[in-house]
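Take 5 as the starting number for the sequence shown in the working numbering and just add one per residue.
Read through the structure below, which is laid out as structure tokens, and then see the notes.
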Amino acid sequence: MRVIGLAGWSGAGKTTLLAALIPWLKGRGLSVSTIKHAHHAFDVDKPGKDSHTHRQAGASQVLVASANRWALMTELRGAPEPGLTELLAHLDPVDLVIVEGFKRDPVPKIEIHRAANAKPWLHLDDPAIRAVAADIPPPGGLPHAALDDIPAVGRLILEHAAEWPFPAA
5 MRVIGLAGWS
15 GAGKTTLLAA
25 LIPWLKGRGL
35 SVSTIKHAHH
45 AFDVDKPGKD
55 SHTHRQAGAS
65 QVLVASANRW
75 ALMTELRGAP
85 EPGLTELLAH
95 LDPVDLVIVE
105 GFKRDPVPKI
115 EIHRAANAKP
125 WLHLDDPAIR
135 AVAADIPPPG
145 GLPHAALDDI
155 PAVGRLILEH
165 AAEWPFPAA
């Protein structure tokens, strides 16, 4: 399994880019999974549903299954947020995992940058960033592609994704 991160400020277009990259990668015969970090209290469950009632009653985990999909929700209940390595271990093996967020983790990353955000470049301070996808040329000598050039960004992802588990530091 190979892993690559997409790092960028909110509004840079990470999710939009990822939605275009997944079909491009799958079209090349790769199986792809994603991990998305949320910075807020998110919920995939709905009040009034049995699974929500189970969680509210104090269940540590609730697994919901149907003929079309299954989902496992784990309540941390004050435990520390799991790290990227722990989350990767929960995934079924695939050819490529793309991580959106976790920009401070030492996973190889592609920086996603949009000039209109007026935010600083991340790669100048993050040695884990191996390439850039941006709407303007980036400073420095990293490989880069235009944000809207899906094949070029896809090639950067395939070139810079690393085998997981990562070697011990």
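Note that CB positions come from ideal geometry on N, CA and C, so glycine has one too.
Remember, it's a predicted structure, so these values are computed and weren't measured experimentally.
Do residue i and residue j have their C-beta atoms within less than 8 Å of each other?
{"i": "I140", "j": "K18", "result": "no"}
{"i": "L126", "j": "A135", "result": "no"}
{"i": "A132", "j": "V103", "result": "no"}
{"i": "I161", "j": "L21", "result": "no"}
{"i": "R6", "j": "L100", "result": "yes"}
{"i": "L92", "j": "F106", "result": "no"}
{"i": "V68", "j": "A75", "result": "yes"}
{"i": "D49", "j": "H41", "result": "no"}
{"i": "L151", "j": "A138", "result": "yes"}
Assuming residue i is part of the alpha helix (DSSP H), what are its boundary residues?
{"i": "W74", "result": "No alpha helix (DSSP H) contains W74, which is instead part of the beta strand (DSSP E) from W74 to T78."}
{"i": "K18", "result": "K18 to K30"}
{"i": "S64", "result": "From DSSP, S64 is part of no alpha helix (DSSP H); its letter is neither H nor E."}
{"i": "L151", "result": "Per DSSP, L151 belongs to no alpha helix (DSSP H) and is neither H nor E."}
{"i": "E90", "result": "L88 to A93"}
Smallest Cα separation from residue i: which of the options?
{"i": "H58", "options": "G12, K40 and E79", "result": "E79"}
{"i": "G9", "options": "G144, D47, S37 and A45", "result": "S37"}
{"i": "D109", "options": "K53, I39, A120 and G144", "result": "I39"}
{"i": "A11", "options": "K123, W168 and V98", "result": "K123"}
{"i": "P155", "options": "F170, G15 and L29", "result": "L29"}
{"i": "F77", "options": "N121, P84 and V66", "result": "For clarity, residue 77 is Met in the given sequence; the question names Phe instead. The option with the nearest alpha carbon to M77 is V66."}
{"i": "G33", "options": "D49, A120, A63 and V98", "result": "V98"}
{"i": "H148", "options": "R73, A45 and I114", "result": "I114"}
Which residue marks the beginning of the beta strand (DSSP E) containing residue i, and which one marks its end?
{"i": "V103", "result": "L100 to E104"}
{"i": "A137", "result": "I133 to A138"}
{"i": "L10", "result": "R6 to A11"}
{"i": "E115", "result": "K113 to H117"}
{"i": "V36", "result": "V36 to K40"}
With a cut-off of 8 Å, does the C-beta of residue i fall near any C-beta of chain B?
{"i": "R81", "result": "Annotation note: the requested chain B is absent from the structure, which comprises a single protein chain."}
Suppose the cutoff is 7 Å on Cβ atoms and the five residues either side in sequence are ignored; what does the same chain contact list for residue i look like?
{"i": "L95", "result": "S37 and V101"}
{"i": "N121", "result": "W13, G15 and A16"}
Tell me which residues share the same chain as residue i and place their Cβ nearer than 8 Å to its Cβ, disregarding the 5 neighbours each side in the sequence.
{"i": "H43", "result": "G105"}
{"i": "S64", "result": "T78, E79 and R81"}
{"i": "A119", "result": "A138, D139 and I140"}
{"i": "A45", "result": "none"}
Please indicate yes or no: does the CB of residue i lie closer than 7 Å to some heavy atom of the ligand ZN?
{"i": "I114", "result": "Absent from the structure shown: the ligand ZN. Ligands present: none."}
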